[in-house]
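For what it's worth, this note's numbering labels the leading residue of the sequence shown as 493, then goes sequentially.
Here a beta-carbon is modelled for each residue, glycine too, at the ideal position from N, C-alpha and C.
Step one of this worksheet: look at the structure below.
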Amino acid sequence: MTLTTLLLAALPLTAAQPTTPDLLAIKVGKAETIDQGTLEHAVILIEDGKIVMIGEDLPIERGIPVLDRDPEWTVMPGLVNAYSRGPLDSRGGNDSTPGLRASGELYIGEDFYGDVLELGVTTLGLYPAGNGIPGRAVAIRTKADTAEGLILRDDAYLKIRMRSSGSDKKMLKKGFEDADGWIEKEAKAREKWEKEQEKAKKSKKGKKDDEKEEDKSVAVPVEPSLDDEESGDYVAPEKDPAAEAFLQLRAHELSALVAIGQSSDYLHLIDAIGAEEFDWDLRIPITTELDIFNVKREIGLRACRVVMEPQLSQHPNTLRLRNLPMELAESGAKLVLIPRDDSVVGHEAWLRNTGEMVGYGLDRDAALRALTLEPAELLKVADRLGSLTVGKDANMIFFEGDPLEPGTRVEAVMLEGEFVTGEVKL
Numbered sequence: 493m494t495l496t497t498l499l500l501a502a503l504p505l506t507a508a509q510p511t512t513p514d515l516l517a518i519k520v521g522k523a524e525t526i527d528q529g530t531l532e533h534a535v536i537l538i539e540d541g542k543i544v545m546i547g548e549d550l551p552i553e554r555g556i557p558v559l560d561r562d563p564e565w566t567v568m569p570g571l572v573n574a575y576s577r578g579p580l581d582s583r584g585g586n587d588s589t590p591g592l593r594a595s596g597e598l599y600i601g602e603d604f605y606g607d608v609l610e611l612g613v614t615t616l617g618l619y620p621a622g623n624g625i626p627g628r629a630v631a632i633r634t635k636a637d638t639a640e641g642l643i644l645r646d647d648a649y650l651k652i653r654m655r656s657s658g659s660d661k662k663m664l665k666k667g668f669e670d671a672d673g674w675i676e677k678e679a680k681a682r683e684k685w686e687k688e689q690e691k692a693k694k695s696k697k698g699k700k701d702d703e704k705e706e707d708k709s710v711a712v713p714v715e716p717s718l719d720d721e722e723s724g725d726y727v728a729p730e731k732d733p734a735a736e737a738f739l740q741l742r743a744h745e746l747s748a749l750v751a752i753g754q755s756s757d758y759l760h761l762i763d764a765i766g767a768e769e770f771d772w773d774l775r776i777p778i779t780t781e782l783d784i785f786n787v788k789r790e791i792g793l794r795a796c797r798v799v800m801e802p803q804l805s806q807h808p809n810t811l812r813l814r815n816l817p818m819e820l821a822e823s824g825a826k827l828v829l830i831p832r833d834d835s836v837v838g839h840e841a842w843l844r845n846t847g848e849m850v851g852y853g854l855d856r857d858a859a860l861r862a863l864t865l866e867p868a869e870l871l872k873v874a875d876r877l878g879s880l881t882v883g884k885d886a887n888m889i890f891f892e893g894d895p896l897e898p899g900t901r902v903e904a905v906m907l908e909g910e911f912v913t914g915e916v917k918l
């Protein structure tokens, strides 16, 4: 190995970046688009932070700046971790606080965001800490000048913890009971307002009739007065946060991410939901002897998203290894993978661990989708990120080889059309 090679290898990934042109064509050996498969000898045209064209061997108009890394580089969308606390305070309670927002904990100046951005993580879903119903998650970009600038979407999902206990089932049911209570309260308030409006109209009509009888001989035009107008628009009773969250669930304006730890928790969840209809996905942490395979068929039939770590487990009371992410994906669930550990080190091992699961049988395309598009869907930001698609943000990671192969190096990271890490000469 030459001295020059050693020096280049030692250069920090976060060296100062040249200004990325507003219009730029990038040529790479492979593009893992996620929604269109793998493109060979791909050309990606970026303008004003968006992907405006992508395809194989596309002609590039004269005058457009070109970054040519074909065939050395492979590109994929920026990684999306939909379930993280990141640098936020880990404390939380066991109460129902569905109005609480993780966005209220955001602040700038934390190294965590920059550290994971170097690794290709361009989007995080941060959830509020705690058991019970701790509140609402927020989807953020991993670089911004202000806390508000980090936010991509608030109220990404409502986190709910469901265990095989009567208290958790009661908490979930009570949320919908609170919603029913507000609906009843609102109906009574509206009925009262309508009666008052009708009474006021009759009173005004009677007063006008009396005035006309008193002065029939004088034809004086009657100007409309404020009394002729309605007393005002109806104002509904103020919603309490619990009722509002569950009303939003029913209206499909908010979805839930329900954390369970075993198959019996899933059965309790189904019982607690009863006849209620709302959008919900599952968070299932991988533990040594996780028994969720007992209900994998039921979960698959729902086709919900399942948030898991890329990790093997053991069949209970045996040494037999199980690839539960693969089993659930094959059953019909939509897999979302997160780091095994919610730290910078965990994010650093995330792609490697995912590659290991592919080695144990997980479909490669499903694995890549579980790192990008599915978590973007979970966070309700798939309209702008999660795949290399025309019209979406240019959030991309560039590798020197296969992203899921051990030892593959991140060469550069782009966030919304700007190279933010890597040695890139334009």
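How would you call residue i, buried or exposed, if buried means at least 16 neighbouring beta carbons within 10 angstroms?
i: Thr810; result: exposed
i: Thr638; result: exposed
i: Tyr758; result: buried
i: Ile675; result: exposed
i: Leu1000; result: This structure cannot settle anything about residue 1000, because the visible part of the chain is limited to 493 through 918.
i: Ala679; result: exposed
i: His839; result: buried
i: Lys662; result: exposed
i: Ser879; result: buried
i: Tyr599; result: exposed
i: Leu813; result: exposed
i: Gly529; result: exposed
i: Glu908; result: buried
i: Asp763; result: exposed
i: Asp773; result: buried
Would you identify the three-state DSSP class for residue i, choosing helix, strand or coil?
i: Ala795; result: coil
i: Phe668; result: helix
i: Arg861; result: helix
i: Glu715; result: Because the pLDDT of Glu715 is 47, which lies under 50, any placement of that residue in the model is unreliable, and the number read from its coordinates should be weighed accordingly. Glu715 falls in the coil class under three-state DSSP.
i: Gln740; result: helix
i: Ser755; result: helix
i: Gln528; result: coil
i: Leu761; result: helix
i: Val905; result: strand
i: Ile784; result: helix
i: Arg856; result: helix
i: Asp660; result: helix
i: Asn573; result: strand
i: Thr614; result: strand
i: His807; result: coil
i: Val916; result: coil
i: Lys542; result: strand
i: Met818; result: helix
i: Val982; result: The structure shown does not extend to residue 982, since the chain is modelled only from 493 to 918, so the question has no answer here.
i: Pro568; result: The question names Pro, yet the displayed sequence has Met at residue 568. Strand at Met568.
i: Lys826; result: strand
Taking the alpha-carbon positions, what's the residue i to residue j distance?
i: Leu918; j: His807; result: 52 Å
i: Lys694; j: Leu741; result: 41 Å
i: Tyr726; j: Trp685; result: 7 Å
i: Thr779; j: Tyr619; result: 21 Å
i: Ile889; j: Val787; result: 36 Å
i: Leu650; j: Ala748; result: 5 Å
i: Gln913; j: Glu539; result: Inspection of the sequence shows that residue 913 is occupied by Thr rather than by Gln. About 19 Å.
i: Asn586; j: Ser659; result: 10 Å
i: Gly627; j: Arg554; result: 52 Å
i: Leu559; j: Ala886; result: 15 Å
i: Ala517; j: Pro563; result: 15 Å
i: Ile830; j: Glu768; result: 29 Å
i: Ile652; j: Gly853; result: 31 Å
i: Glu910; j: Glu683; result: 56 Å
i: Ala743; j: Glu736; result: 10 Å
i: Gln689; j: Asp514; result: 59 Å
Using a Cβ cut-off of 8 Å (strictly closer), state whether residue i contacts chain B.
i: Asp646; result: No chain B appears in this structure, which consists of one protein chain only.
If you drop the 5 nearest sequence neighbours on each side, which residues of the same chain put their C-beta closer than 7 Å to that of residue i?
i: Asp894; result: Thr566 and Thr900
i: Leu761; result: Met654, Val750 and Ile752
i: Pro898; result: Arg844 and Gly847
i: Val608; result: Thr634, Val836 and His839
i: Ser823; result: Lys788, Arg789, Ile791 and Gly792
i: Gly612; result: Gly570, Leu571, Ile889, Val902 and Val905
i: Ala858; result: Ala821 and Leu827
i: Ile552; result: Ala517, Val535 and Val558
For residue i, which residues in the same chain have their Cβ closer than 8 Å to its Cβ, ignoring the five residues on either side in sequence?
i: Ala621; result: Arg577, Leu580, Asp581, Ser582, Arg583 and Gly584
i: Gln754; result: Ser656, Leu782, Asp783 and Ile784
i: Phe444; result: This structure does not reach residue 444, given that the chain is present from 493 up to 918, and the question cannot be answered.
i: Glu602; result: Gly578 and Pro579
i: Gly766; result: Lys665
Whose C-beta lies closer than 6 Å to the C-beta of residue i among residues of the same chain, with five residues either side of it excluded?
i: Leu739; result: Ala671
i: Arg861; result: Ile526
i: Val882; result: Ile543
Tell me whether residue i counts as near the ligand SAM, meaning its Cβ is closer than 7 Å to at least one heavy atom of that ligand.
i: Met568; result: Ligands displayed in this structure: none; no statement on the ligand SAM is therefore possible.
- Any contact of the region 629 to 645 with the region 595 to 604, i.e. 3+ C-beta pairs under 8 Å? Enough Cβ pairs lie closer than 8 Å, so yes.
- Item | Three or more C-beta pairs below 8 Å linking the region 856 to 866 and the region 542 to 551 | The region 856 to 866 makes no contact with the region 542 to 551; the number of CB pairs closer than 8 Å stays below 3.
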